[in-house]
Structures are given as C-alpha cells and as structure tokens.
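Peer 1: Next up is a structure, given as structure tokens.
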Amino acid sequence: MDFYLSVEGQRALTRAGKIPARRGIKSPSDDIDRLLDSGNLHVIRTEGEYSRYMKLYYEVLGTR
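Using the numbering used here, you'd call the opening residue of the sequence shown number 140 and step up by one each time.
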C-alpha cells in the first residue's frame, strides 16, 4: 500500500493509464490535470442503496 501512495507508485500507476491520487503527479490527460487544478471537481457520494444507483447507471448507459 505504501508503494501505491508514494511518488514512484503514483507515477507507475500513471504510466499504466490510471489517474494519480497524489497532487503533483501529472495524469495521462491534460484535460484531467486542468480539471483537478481548477478546483471544480466535486466527489459525489451515494446515499442509501448503492445497487439502486448502479441499476440506474446501467439503464442510462445501456450496458449489462
């Protein structure tokens, strides 16, 4: 776990195409970096039954 949170670990995850969770590590996408730097990113947490939201997600996207 320590490795994944370290600078080296975050860079390795970025090279694998993942979005880094650590500030100061450039992501694979300039758009993502601009969004993270803008401060306009808001985490939405589901309240209540998770499966309800997943069902809606799959219905809207037409998957599963």
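In this text, a Cβ means the ideal position worked out from N, Cα and C, and glycines have one as well.
1) With DSSP run on the structure shown, which of helix, strand or coil describes K194?
2) Please list, in chain order, all residues of the same chain as F142 whose beta carbon is under 7 Å from its beta carbon, the five residues on each side excluded.
3) I need the straight-line Cα distance from G178 to A160, nearest angstrom please.
4) Which one of E186, S168, V146 and D170 has the shortest CA to CA distance from R162?
5) Residues in its own chain within less than 8 Å of K165 by CB, not counting five upstream and five downstream?
Peer 2: Put simply:
1) Residue state, collapsed to three classes: helix.
2) G148
3) 14 Å
4) V146
5) T153, P159 and D172
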